[in-house]
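These notes are about the structure you will find just below.
Right, dumping it as structure tokens:
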């Protein structure tokens with residue numbers, strides 16, 4: 006089974022996103038630290054990461070290249086309150102798959118679910134495994 010890791014320092018946001026994606030049928034692991042994110046990736050527990058914008062003293066801009074060094078095929082979806090075009094462009098160059106604003110309404114939550122679905126579909130196409138392998142079988 007392929008894994009989905011939510012790495013978000015804000016507990017409320019982390020819980021909201023986890024609940025949303027568990028309800029959508031995904032196998033979800035959560036962490037509130039950059040170290041936890043790196044550990045999950047090194048243990049190959051996650052192929053898709055939903056990454057918050059900041060952890061303690063490290064920003065997503067600093068963390069994305071580190072995560073990509075751990076697993077160059079990692080799919081990263083950045084969730085942040087920042088919609089600065091220069092920042093998003095820089096993060097895209099560093100290898101994020103998608104940038105979403107923190108979900109505050111049903112449309113935002115649906116957008117995040119669609120981004121995760123697309124991430125697993127993209128991985129399935131590249132690696133030849135079933136898109137549903139990231140989901141709990143119900």
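Numbering (our numbering), first residue to last: 6 to 143.
Each residue gets a CB set at the ideal place from its N, CA and C atoms; glycine is no exception.
Under 6 Å Cβ to Cβ from residue i, same chain only, skipping five residues before and after it: list those, please.
| i | result |
| --- | --- |
| residue 85 | 58 |
| residue 47 | 75 |
Where residue i and residue j are concerned, what is the direct C-alpha to C-alpha distance, given to the nearest angstrom?
| i | j | result |
| --- | --- | --- |
| residue 93 | residue 55 | 15 Å |
| residue 119 | residue 38 | 25 Å |
| residue 68 | residue 100 | 11 Å |
| residue 128 | residue 25 | 21 Å |
| residue 87 | residue 95 | 13 Å |
| residue 142 | residue 30 | Summary for residue 142: the model assigns pLDDT 44, below 50, so the residue's position carries little reliability; its value from the coordinates is reported in the next sentence. So the alpha carbons of these two residues sit roughly 7 Å apart. |
| residue 111 | residue 62 | 31 Å |
Quick one: residues in its chain with C-beta nearer than 7 Å to the C-beta of residue i, no 5 flanking neighbours on either side, listed in chain order?
| i | result |
| --- | --- |
| residue 51 | 8, 9, 10, 34, 45 |
| residue 27 | 33 |
| residue 15 | 57 |
| residue 17 | none |
Does the Cβ-Cβ distance between residue i and residue j come in under 8 Å?
| i | j | result |
| --- | --- | --- |
| residue 65 | residue 79 | no |
| residue 102 | residue 126 | no |
| residue 53 | residue 71 | no |
If I measure Cβ to Cβ from residue i and keep anything under 8 Å in the same chain, skipping five residues before and after, which residues do I get?
| i | result |
| --- | --- |
| residue 1 | Residue 1 lies beyond the residue range present for the chain, which begins at 6 and ends at 143; the question has no answer from this structure. |
| residue 97 | 104 |
| residue 131 | 78 |
| residue 73 | 79, 81, 99, 100 |
So is residue i buried or exposed if we call it buried at 16+ other beta carbons inside 10 Å?
| i | result |
| --- | --- |
| residue 40 | exposed |
| residue 89 | exposed |
| residue 114 | buried |
| residue 19 | buried |
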